[in-house]
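The sequence shown begins at 32 in this note's numbering and counts up one residue at a time. Yeah, the Cβ is synthetic: ideal placement off N, Cα and C, and Gly gets one too.
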Amino acid sequence: LPSAPESNPQGTIRAAKISVAGNNLSGELGLSKAGLCAILLATDAPECYVGIDIDGTIPFEGTIEPFQLKAKPSLKGSYGNIVTDPYVKGKVESPLVGLNPASLSGEVLVEEKALRLHEVTLEWQDGSKLRTDGRIVYKPTQVDLIASGQGAELSSLLAHFMDLKVKGSTKI
């Protein structure tokens, strides 16, 4: 089976055009081969189960108090893995699902206690799309998402599931 590269601890995240005016905050983050696990673990996440490297930009604007940022990410993810045991220093120990590269765009509202998604779209190389709206509450973790899409070949979305090659189609 194909194996995803190890999550890249050497990737970069740069802040550009940062502006603070009174209570308002705006700017842009640029990501270059930034490992998702490295980002999550740096933000105090206890564990990470998705290894993928990300490129792209995240322009944002909002307020400091109450903390609320509206972001419009334009990101591309590399081939990656979902694992059964948490990543340790970027190493893939037990890949459960192999993820094919995809792009992400839409609107994300980052709040103090939750992440809200509005028309966030994942698009794979063959043009398959999945759109989602909803929220993710941080602690305790609660996920309330609604997804929609057209039919897609499973092999476009997933490279493998456990030791099995993926075939067939799906409709969401």
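When the Cα of residue i is compared with those of the options, which residue comes out closest?
i, options, result
"Ala178", "Tyr169, Asn131, Gly165 and Gly61", "Gly165"
"Thr115", "Leu127, Pro104 and Lys107", "Leu127"
"Lys64", "Ala76, Gln99, Gly42 and Leu56", "Gly42"
"Gly87", "Pro97, Gly66, Leu71 and Ala73", "Gly66"
"Asn131", "Pro77, Ile85 and Gly61", "Ile85"
"Gln181", "Leu71, Leu72, Trp155 and Ile113", "Trp155"
"Ile89", "Arg45, Met193 and Leu71", "Arg45"
"Ala183", "Ile113, Leu106, Pro171 and Val197", "Val197"
"Ile162", "Thr172, Leu135 and Leu185", "The sequence given here has Arg at residue 162, not Ile. Out of Thr172, Leu135 and Leu185, Leu135 has the C-alpha closest to the C-alpha of Arg162."
"Gly108", "Val174, Leu72, Asp194 and Leu62", "Leu62"
"Thr172", "Ala76, Leu72 and Leu56", "Ala76"
"Leu188", "Asn112, Lys170 and Val174", "Asn112"
"Leu56", "Glu142, Phe91, Met193 and Val141", "Phe91"
Tell me the residue span of the alpha helix (DSSP H) that contains residue i.
i, result
"Ile70", "Leu67 to Ala73"
"Ser136", "Ser136 -> not in any alpha helix (DSSP H); beta strand (DSSP E) instead, spanning Ala133 to Glu142."
Count the other CB atoms within 10 Å of the CB of residue i; is the residue buried (16 or more) or exposed (fewer)?
i, result
"Asn54", "exposed"
"Val51", "exposed"
"Pro104", "buried"
"Ile95", "exposed"
"Asp157", "exposed"
"Phe98", "exposed"
"Ala133", "buried"
"Gly199", "exposed"
"Leu176", "exposed"
"Leu195", "exposed"
Once you ignore the five residues that flank residue i on each side, which residues in its own chain have a CB closer than 7 Å to its CB?
i, result
"Val168", "Lys144 and Ala145"
"Lys48", "Gly58 and Glu59"
In chain order, what residues of the same chain have a beta carbon less than 8 Å from the beta carbon of residue i, not counting five sequence neighbours either side?
i, result
"Val139", "Lys101, Ala102, Lys103, Pro104, Leu146, Arg147, Leu148, His149 and Val151"
"Pro33", "Low per-residue confidence applies at Pro33: pLDDT is 37, beneath 50, and the placement is therefore not dependable enough to give any value."
What are the boundary residues of the beta strand (DSSP E) that includes residue i?
i, result
"Pro90", "Asp84 to Thr94"
"Gly199", "Element bounds for Gly199: n/a, residue is neither H nor E."
"Gly111", "Gly111 to Val114"
"Pro126", "Pro126 to Leu130"
"Ala102", "Gln99 to Ala102"
"Ala76", "Neither: Ala76 is in no beta strand (DSSP E) and is coded neither H nor E."
"Gly53", "Gly53 -> no beta strand (DSSP E), and no H or E assigned at all."
"Gly42", "From DSSP, Gly42 is part of no beta strand (DSSP E); its letter is neither H nor E."
Does residue i have its Cβ less than 8 Å from a Cβ in chain B?
i, result
"Gly158", "Among the protein chains of the structure shown there is no chain B, as only one such chain exists."
If you drop the 5 nearest sequence neighbours on each side, which residues of the same chain put their C-beta closer than 6 Å to that of residue i?
i, result
"Gly137", "Glu150, Val151 and Thr152"
"Pro36", "Per-residue confidence for Pro36 stands at a pLDDT of 43, beneath the threshold of 50, marking its modelled position as unreliable; no derived number is given."
"Lys160", "Thr152, Glu154 and Gly180"
Every unbroken alpha helix (DSSP H) within the stretch 147 to 189, with a cutoff of 4 residues, ordered by chain: 185 to 188
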